[in-house]
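Scroll down for the structure; my scribbles are underneath it.
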Amino acid sequence: MATDLLNPSINSTTDLTLNHSTSYSSLQATQADPYNFSSFNQSNASGSSLQVLTPDANIVPNRMVFSTVAGEVRAPKTLTLTNTGSTPLTVTLNLGDSQEKSNAVRPLDHQRAADFQILDAPTGQPFVLGANETRNIAVQFAPKRPAKLSTTPTTHTFNGENYASLTINTNGQPAKTVNLAGLNTANYEGNNEASVAEITRIFGWTTNIGSESNILGGQKSLLGDEVYSPYWVRADNSKPVQLWPLAVYSGRSDGSHDPIRFQAKPGSGGRSGLLYQHAGRLQADNVPGSNDLSGGENQKLLPKILVGNASITPTPEKVSFIPNSPFALNRSFQFNSNEGAWTDYTQNLPDQTHNWRMYPIRDAQGTLIPHTWLAASDPGNSLVGLGKNFDYNDNVYLLVNAKPENPALDPSVGGRVPGSPDLLFYFNKTYENVFANGLKDKNGKNIGFTKTQLNKNDTFTSITSYNPNLIDLNTSGSGTLKITTTSGSNGGQDNTLVNGLQTVFDGRASKAVISTKLLGPFNNIQAGYQQAGVMLGPDQDNYIKVVAIARQDNQLGIQFYQENRGVGQTIGTAAIPNPGNLQSLELKLFTDPQAGTVRAGYRVGNNNVVLLPGVVSLKGGQIGSFFAAQSKAGLITTNKGSTPFTATFDNFLISSNETTAQRQVLHRINVGSNSQYKTPGGFVWSADTGLFSPSNASPETTLGTPNIQNTVLDPVYRTYRAKIGNGSIPMSSRVLSFALPVQPGKVDLRLHFSENYWGAPNRVPGGVGKRVFDVIVEGKTVLHNFDITAAAGGALKAVRVPIEGIQVNDGQLNIQLKAKTDFGAISGIEVFRSV
Ligand SMILES: [Ca+2]
Ligand SMILES: [Ca+2]
Ligand SMILES: [Ca+2]
Ligand SMILES: [Ca+2]
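Taking the working numbering, the leading residue of the sequence shown gets 28, the next gets one more, and so forth.
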C-alpha cells in the first residue's frame, strides 16, 4: 500500500499514488492573496495605518462568509483590526445595507444588517485602538428571517441569502467596508440544501451557474459559464495548485467523509495524491459552539479539513499540490472505483455521468479571475446504489492556478482586439487560414465564426444550435453569407435559437462597433418575429441585439433589445418605410467598456447613421461578462411566429470605435528607442528616455527589419521594452512602469504592441501563452492576462489598444505592465487630451 503524498498518516488504497521529493516550501503562497485578488482588496490600501484582516482572506478577501441551517446560531467569526501606525486610532464599527446591490437577485436580501451582530465592540460607539495594538472583533450571523424552500420557478431557498456591510470608520482615514454574507438553508439535506448559484453569490462572485435550482441535473450539457475539461494543468509553474473547500452539503455521517484526490491522467506517469477529507459527527472538530447536528464538517460553507486525525482550518500548505502531468479531480479515496467521482466522466464507472461542473470565477464586476475555478461535484453512482441527486453541492471547491488541458477551453485567453483585420468578415473568402476551427457552411466552406450561441437543447455530443445546411457562404464578388432561418429563438425562456453564429474578441478595454450590413429587399421580413441582425453577450439569456424585425404596418422595424437573466426589455425602436425598395441596411452596436454602456444605431443605404433612443448601462457582474477577454458577438436570425426566410449578410465587422475627433497630442512615445522616429506623414515619435522604470528594462529590437503586419508604423513596433535586467528576477518583480507627465483631467490612451520574439522567424517557437501580462492604468487593471499573440493572431502583427476617458488627477499618467509569464512588452504609447 502506497503512502499518500500530502497526508502521510492517511493510508490510501491507490496504486498510482507516488512519493516525491519536490520541495513544497519554495512554492508556498505566503501572502493572503494566492490568486491575485489584491487589486480588489481595499483592506490594505496604502497610506492607511489600520489593517483589517478577514478570517477567510485566503479564499475571499474583504468578506466574512457565514452559513447555518434552519436559523441555528453558530459560532462567531473573527475580524482582526491592527493599528500599524504610531499614534492611537479612534475606530467606530457600523452595520448597514450591503454595498453589492448592483448584483442583487432579490434586493431585500441586501438589507439584512439585523442578521449580524458585533459581539466584542458596541456598534456605532467609538473605541481607541492604540499604536501597534491588535483587537479581535467577533461577528456573528443570527438570521432573523426563517428560510423556506420554494419551488417557484425551481427548487431553491427563499430568504436564505442575507447580505450586509460592516463599515469601519477611523479618524483621519477613509472608511473601510467588509462585506458580510450569511447563508441560511431551510433545513438539512435533500432539497433543503444550498444551490450552487446561492453558494456562488454568497462568496460575492458573479459567475453564471446557469440555473437557480438546487438540482442542476446530470445532463452532459454546459450550464451558464461552465467549462467542461476532463483534465487540468498547472497554470503558473512557480506556484502550486490549490484546492480550497468552499462547501460541503452531502449526507451527514458519523465518520470522516468526502476524501478528495488529484489524479494523474492515466498513462501519463504523473503523480497523484489524497488532499484531505472532512471530520464526521464522532470526530473532534474543535469548533467552539458547534454541535453535531451538521454531522461534523458538513452542511456548511468553508468547512474545516481533516488531515491525518486533526480537523483544522485550511492553510495554503494543506490545500496545495504540485501536479507534474495533466490531472483530474477525483472525490474518492481510490484511483478507480464505483464512486463516480472524476472530472473525467469516462472514468466514472459504470454510469460515466457528468459529475463535476467547473466554472471560472468572476468577481463583483464580472471580471474573470484567470485560472481560478469553482469546482462543484456530485459524486456517487446511481447504478450501484450510491446516493445521487445531481445537486453538485456535495463538495464545492475553489481550484486555484489551474487551466484546462486544452488551451482552447481557457476563457482567460483574450480574443483579437477590435479592428483586427481578422474580425472584419466580408465573406469574400473562406477563413481556414484565419480561424482553423471555424464552422462550416452547407458546402463545407469555413465561414470564420467559431461557435454558435449554445441553446438549451445542446449537449456535449449534439449541438442543435448549429445547422450548416441553412448557411451558405458565397465568396464571389464582394461576398455574402446567407442564413435561412428557423423558428428557434433566444427570447425569454425559449432559448432554442439556431445558427446564432459567434466570434470572440477582446472587449475589455477598447470601444468597439459591432455591425452588419444586410442586403435587401426586406419585404421578406414581414410577419411574426422574423428578424435578422447582430448581437453581443455571453449566452441566450444575457445578450444585447439590434435587429431588423417584422412589423404589422408594412414598415420594417429596427429593435434595440436587451435580455438580462432571461428577462427581455426593448430599449429603443425605429420604423423604416418601404422595405421592399431598400438595397441595404446596416445595424450597429456601440460598446464603451470604460462606461459600461452599449448603444445601437442603423444606416439605410448610404444615408447617415441614426442612433436609436436608449442606452444599456450594464451593472456589476454584467460589465465583465459582456466586456470580457472573450466577448462574444455575432449574427442572429429567427422566424419565430412565422415562416422561414433567408437573410443575406454582406459583412460582419468588429471595428475599433476610437474617436475620430481632433485631439491634442500629449505624448507619442517610441518605446524601446533612444532616438525619435519621424513618420512619412511628419508625426514625431519621441524616445522613451526617462519615462520608464526600472532603468534596467532592456531596449529590445526585432531581428532584422521584418514587415510588421497591419500597420505602416513598422519602425515603432520593431523596438520595444520587455526584459528587466538579465531576466532572472522573480515574476512578482517583473513590473515595467511608465510615468508620463500630463495636466490633470481626462486623457485617451493608445497602446501599441507587437510580439517580436515568441514565434518570430529565426527566434523561438511561439504561440498563445508564451508572454502574458496585466496592463494597469492609473491603478486599474484594464487587461488581465493580456497576450499579444492571442490579440494579434500571431507574431509580427501590430495590435492597437485605444483606451479612452482615463481620469488623471496627480499630473502623472501611470501605466504598468505586470508580468504573469515571461515579461510584459510594449512598443509604443500615445496619449491625447480627451475631447
Ligand atoms: Ca448530491
Ligand atoms: Ca448535496
Ligand atoms: Ca433567453
Ligand atoms: Ca518602439
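Glycine is no exception: its CB is placed at the ideal position from the N, C-alpha and C atoms.
{"Check": "Euclidean distance between Cα positions of Asp-136 and Tyr-190", "Outcome": "6 angstroms"}
{"Check": "Nearest-residue set for ligand 4, Cβ under 6 angstroms from any heavy atom", "Outcome": "Asn-697, Val-698, Gly-699, Ser-700, Val-743, Thr-746, Tyr-747, Ser-854, Gly-855"}
{"Check": "Three-state secondary structure (DSSP) of Ile-751", "Outcome": "strand"}
{"Check": "Classification of Asn-85 by the beta-carbon crowding that lies within 10 angstroms, buried from 16 upward", "Outcome": "buried"}
{"Check": "Host alpha helix (DSSP H) of Thr-227 (start-end)", "Outcome": "223 to 229"}
{"Check": "DSSP three-state assignment for Thr-161, whether helix, strand or coil", "Outcome": "strand"}
{"Check": "DSSP three-state assignment for Glu-6, whether helix, strand or coil", "Outcome": "In the structure as shown, the chain starts at 28 and stops at 862, and residue 6 therefore has no counterpart that could be examined."}
{"Check": "In chain order, each beta strand (DSSP E) run of at least 3 residues that lies wholly inside the region 774 to 854", "Outcome": "799 to 804, 807 to 813, 826 to 835, 839 to 848"}
{"Check": "Whether Asn-110 touches Leu-156 by CB criterion (8 angstroms)", "Outcome": "yes"}
{"Check": "Within 8 angstroms, strictly: CB atoms of Thr-477 and Asp-485", "Outcome": "no"}
{"Check": "Cβ neighbours of Leu-450 in the same chain (closer than 6 angstroms, five flanking residues each side left out)", "Outcome": "Arg-443, Phe-532, Ile-681"}
{"Check": "Sequence-distant residues of its chain with Cβ nearer than 8 angstroms to Leu-54 (five each side left out)", "Outcome": "Any answer about Leu-54 is weak, because its pLDDT of 35 lies below 50 and its placement is not dependable; what the coordinates show is given next. Closer than 8 angstroms at Cβ, skipping near neighbours: Ser-265, Lys-266, Pro-267, Ser-347, Ile-349."}
{"Check": "Contacts around Gln-138, its chain only, beta-carbon distance under 7 angstroms, and the 5 residues preceding and following it disregarded", "Outcome": "Asp-124"}
{"Check": "Assigned exposure category for Glu-324 - 16 Cβ within 10 Å defines buried", "Outcome": "buried"}
{"Check": "Those residues, in chain order, that have a beta-carbon closer than 6 angstroms to some heavy atom of ligand 2", "Outcome": "Glu-220, Tyr-276, Ser-277, Asp-418, Asn-420, Asp-421"}
{"Check": "Distance cut-off 7 angstroms: Lys-415 Cβ against heavy atoms of ligand 1", "Outcome": "yes"}
{"Check": "Contact test: Asp-405 Cβ vs ligand 1 heavy atom, cutoff 7 angstroms", "Outcome": "yes"}
{"Check": "Residue(s) in a DSSP beta bridge with Ile-490", "Outcome": "For Ile-490, which the question treats as bridged, DSSP gives no partner whatsoever."}
{"Check": "Residue range of the unbroken alpha helix (DSSP H) whose run includes Pro-742", "Outcome": "741 to 745"}
{"Check": "Residue from Pro-771, Leu-810, Phe-653 with nearest C-alpha to Val-838", "Outcome": "What sits at residue 838 in the sequence shown is Gly, not Val. Comparing Cα-Cα distances from Gly-838 to each of Pro-771, Leu-810, Phe-653, the minimum goes to Pro-771."}
{"Check": "As assigned by DSSP and simplified to three states, the class of Gln-657", "Outcome": "coil"}
{"Check": "Environment of Gly-752 [buried if 16+ CB atoms lie within 10 Å]", "Outcome": "exposed"}
{"Check": "Per DSSP, the bridge partner or partners of His-398", "Outcome": "According to DSSP, His-398 bridges with nothing at all."}
{"Check": "Which of helix, strand or coil DSSP assigns to Val-411", "Outcome": "helix"}
{"Check": "Proximity winner among Ile-830, Ser-781, Val-804, relative to Ala-818 (alpha-carbon distances)", "Outcome": "Ser-781"}
{"Check": "Spatially closest choice to Tyr-744 from Leu-614, Pro-173, Pro-726, by CA coordinates", "Outcome": "Pro-726"}
{"Check": "Whether Leu-250 touches Arg-384 by CB criterion (8 angstroms)", "Outcome": "yes"}
{"Check": "Range covered by the beta strand (DSSP E) that runs through Leu-500", "Outcome": "498 to 501"}
{"Check": "For Val-835 and Phe-354, the rounded distance between their alpha carbons", "Outcome": "46 angstroms"}
{"Check": "Asp-568 Cβ short of 7 angstroms to ligand 3 heavy atom set", "Outcome": "yes"}
{"Check": "Closer than 7 angstroms: Gly-661 CB and nearest ligand 3 heavy atom", "Outcome": "no"}
{"Check": "Start-end ranges of the beta strand (DSSP E) lying completely within the region 669 to 727, minimum 3 residues", "Outcome": "673 to 683, 692 to 697, 711 to 714, 724 to 727"}
{"Check": "Which residues DSSP lists as bridging Leu-528, in chain order", "Outcome": "Thr-479"}
{"Check": "Asp-147 to Ser-683 span [Cα, whole Å]", "Outcome": "55 angstroms"}
{"Check": "Which of helix, strand or coil DSSP assigns to Thr-234", "Outcome": "coil"}
{"Check": "Own chain residues within Cβ distance below 6 angstroms of Ile-863, not counting five before or after", "Outcome": "With the chain covering 28 to 862 only, the question about residue 863 has no answer from this structure."}
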